[in-house]
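Heads up, the thing below is written out as structure tokens.
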Amino acid sequence: MDGDHPVRAGLVAARGGPAPLRRGGARPQGDGAALLPQPAPAALAASRRRARGDRGAAGPRPARARGGPHVTDPAYFEHLYRTDPDPWLLDSAPYEERKRELTLASLPRPQYRRAFEPACAAGQITQLLARRCDEVVAMDLVDLALERLGQRALDRVDARRGSIPQDWPEGAFDLVVLSEVLYFLSPEDRALTARRTVESLTGDGQVLAVHWRHDFDEAASRPDDAHADLHAAGLRGVVTHVERDFRLEVLERA
Numbered sequence: 263m264d265g266d267h268p269v270r271a272g273l274v275a276a277r278g279g280p281a282p283l284r285r286g287g288a289r290p291q292g293d294g295a296a297l298l299p300q301p302a303p304a305a306l307a308a309s310r311r312r313a314r315g316d317r318g319a320a321g322p323r324p325a326r327a328r329g330g331p332h333v334t335d336p337a338y339f340e341h342l343y344r345t346d347p348d349p350w351l352l353d354s355a356p357y358e359e360r361k362r363e364l365t366l367a368s369l370p371r372p373q374y375r376r377a378f379e380p381a382c383a384a385g386q387i388t389q390l391l392a393r394r395c396d397e398v399v400a401m402d403l404v405d406l407a408l409e410r411l412g413q414r415a416l417d418r419v420d421a422r423r424g425s426i427p428q429d430w431p432e433g434a435f436d437l438v439v440l441s442e443v444l445y446f447l448s449p450e451d452r453a454l455t456a457r458r459t460v461e462s463l464t465g466d467g468q469v470l471a472v473h474w475r476h477d478f479d480e481a482a483s484r485p486d487d488a489h490a491d492l493h494a495a496g497l498r499g500v501v502t503h504v505e506r507d508f509r510l511e512v513l514e515r516a
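Using the numbering used here, read the sequence shown as starting at 263 and increasing by one per residue.
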């Protein structure tokens with residue numbers, strides 16, 4: 263029964279209803295308590311809003327120009343990394359640690375052959391993927407981020423400088439990880455990224471997509487809609503986990 267599973271039982275108890283984690287197979291393994299929602303302290307939440315540009319407004323916002331050239335300009339992100347070595351609190355926020363645990367626990371298979379992770383940042387997810395993949399192609403357009411990734415000395419990781427969809431690597435992947443990246447892309451680049459994702463998948467390939475749900479100024483699209491192009495490109499969800507702050511999906515060919 264679903265309630266017998268520690269993760270699901272904990273989520274049910276915390277929320278007073280069924281947890282929104284759905285899969286047509288095995289459920290995540292591990293300590294359920296560690297995966298429960300953990301409210302961020304006010305100072306941490308304020309820091310996240312400053313770092314991400316989020317104003318905390320969940321409802322409709324006045325019409326404005328979304329995103330801008332800066333969101334795909336390496337200089338913009340280089341400035342963020344020079345100002346703060348951890349600009350999105352990826353190494354320090356319990357929220358981010360918990361989200362990574364959920365992200366990796368949601369992968370249906372214990373091992374993958376070749377994964378592609380664009381916008382890998384300093385490798386916080388990359389180092390976890392390296393334990394479950396024979397090879398990980400990790401890409402970022404920020405030199406400082408790649409330098410910090412290199413300091414992790416991960417044997418199975420092929421680190422490259424570039425951005426999607428323009429620098430999509432050759433070859434096939436049985437896992438593509440799209441974490442906190444789609445909403446930075448223009449609608450055209452986002453649709454092209456979805457198509458290239460599908461084209462590069464092996465027959466049994468899967469896509470893991472996870473994105474912050476709240477609106478923020480740098481977003482070129484509404485974050486909660488960032489997964490729509492993946493479905494439109496012919497993918498279907500096999501795992502879905504939705505919380506107030508983020509949406510996580512594992513998808514494969516329909």
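Using N, Cα and C, we set each Cβ at its ideal position, and we do this for glycine too.
Quantities reported herein were computed from a predicted structural model and do not represent experimental measurements.
Contact annotation: D436 and R393 have beta-carbon atoms that are not nearer than 8 Å. Under the 8 Å Cβ criterion, the stretch 447–466 does not count as touching the stretch 394–406, having fewer than three qualifying pairs. Residue state for G499 is assigned as strand, using DSSP reduced to three classes. Residue ranges of uninterrupted beta strand (DSSP E) with 3 or more members, entirely inside the stretch 364–435 and ordered along the chain, are 374–380, 395–402, 419–423. For G499, the number of other beta carbons within 10 angstroms of its own is at least 16, and it is reported as buried. As computed with DSSP, A471 is found in a beta bridge with L440, E511. Rounded to the nearest whole angstrom, the CA to CA distance from T345 to A384 is 15 Å. Relative to the Cα of P347, the nearest Cα in the group K361, Q386, P356 belongs to Q386. Judged by their CB atoms, S368 and V501 are nearer to each other than the 8 Å cut-off. Bounds of any alpha helix (DSSP H) do not take in P349, whose DSSP letter is neither H nor E. By the 16-neighbour rule on beta-carbons within 10 angstroms, A337 is exposed. L513 sits away from V472, with the two beta carbons spaced by 8 Å or more. The shortest C-alpha to C-alpha distance from G467 to any of A421, D396, D417, V438 is the one to V438.
When secondary structure is reduced to three states using DSSP, D487 falls in the helix class.
Pairing D479 with S448, the inter-Cα distance amounts to about 14 Å.
DSSP, read as helix, strand or coil, puts L463 in strand. When the beta-carbon positions are compared, R423 and L408 come within less than 8 Å of each other.
For S425 and E340, the gap between their C-alpha atoms comes out near 14 Å. Minimum Cα-Cα distance from Q428 among the listed residues A494, L391, S483, E450 corresponds to E450.
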